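S.K.: Can you read through this structure? Questions will come right after.
Residue numbers (my numbering): 4 to 226.
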């Protein structure tokens with residue numbers, strides 16, 4: 004790996020999910036890289052300025068200056084990390100279906116830099132089957148590696164509720180489900196280093212379904 008410093012966690016997507024996630028990992032002592040294609044966002048973060056309500060600029064400045072959190076637009080920096088978390092949007096298409104083009108594009112970029120031992124976790128809200136049927140094949144195709152043998156793959160749904168102080172990224176129970184037991188455990192250990200309550204489930208599909216059910220529950224209650 005050369006003399007470059009190893010980044011423990013890389014988070015692809017510096018939005019309302021990725022930035023708070025970066026905060027909890029940085030505060031837990033992890034080395035964190037935020038990766039985003041928006042150069043303006045990246046420049047702001049590296050100056051210690053935040054555009055996310057739940058992470059004030061004062062906090063971001065401390066994370067950058069004292070915890071070494073940094074941001075980049077360069078996907079090549081993924082080669083020197085241990086875990087890659089995908090926290091990208093899945094907006095609805097005109098047909099009211101999740102548009103996975105952003106996630107798929109990022110998966111291709113990640114796959115081209117993937118190495119043995121990497122852990123890749125999808126956090127984006129989507130439908131059951133996305134991790135195994137969409138993301139995993141792209142990672143294997145681009146890397147030439149085998150998921151579950153050469154690298155780990157898991158799903159862990161983001162459960163951010165912006166503006167709440169009683170339930171935060173650190174305190175909301177974190178569901179993790181990998182493509183095999185080793186992947187589940189790798190993801191659980193990573194998140195367990197920064198988040199208080201980890202709940203393992205049997206598969207990525209089970210983890211994906213928990214997010215879908217939670218969203219349905221919220222919608223029904225709001226209605």
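Just so it is clear, CB atoms sit at the ideal spot from N, CA and C, and this is done for glycine as well.
Quick caveat: nothing in here was measured; it's all calculated off a predicted structure.
Is there contact between the stretch 132-152 and the stretch 98-117, where contact requires at least three CB pairs shorter than 8 Å?
M.R.: Judged by Cβ distances under 8 Å, the stretch 132-152 makes contact with the stretch 98-117, as three or more pairs qualify.
S.K.: For a test of the three-state rule: what should DSSP assign to residue 6, helix, strand or coil?
M.R.: Note that residue 6 has pLDDT 34, beneath the 50 cutoff, so the model's placement of it is unreliable and the number below is only indicative. The answer is coil: DSSP assigns residue 6 none of H, G, I, E or B.
S.K.: Shortest alpha-carbon distance to residue 41 belongs to which of 137, 207, 15, 97?
M.R.: The option with the nearest alpha carbon to residue 41 is 15.
S.K.: What residues match up with residue 191 in a beta bridge as DSSP calls it?
M.R.: Paired residues: none, contrary to the question.
S.K.: Can you round the beta-carbon distance between residue 35 and residue 29 to whole angstroms, since I take them to be within the 8 Å contact cut?
M.R.: With a Cβ gap of about 5 Å, residue 35 and residue 29 count as contacting.
S.K.: Residue 125 bridges to which residues according to DSSP?
M.R.: BP columns for residue 125 point to 89, 158.
S.K.: For residue 134 versus residue 125, is the C-beta distance shorter than 8 Å?
M.R.: The answer is yes: Cβ separation under 8 Å.
S.K.: In its own chain, which residues sit with a C-beta less than 7 Å from the C-beta of residue 195, not counting the 5 before and 5 after it?
M.R.: Here the set comprises 201.
S.K.: May I ask you to list the residues that DSSP assigns as paired with residue 58?
M.R.: Residue 58 pairs with 55.
S.K.: Which first and last residues belong to the alpha helix (DSSP H) in which residue 110 is found?
M.R.: From DSSP, the alpha helix (DSSP H) with residue 110 extends over 104-116.
S.K.: In angstroms with no decimal places, state the Cα-to-Cα distance between residue 129 and residue 51.
M.R.: When rounded, the distance between both Cα atoms is 31 Å.
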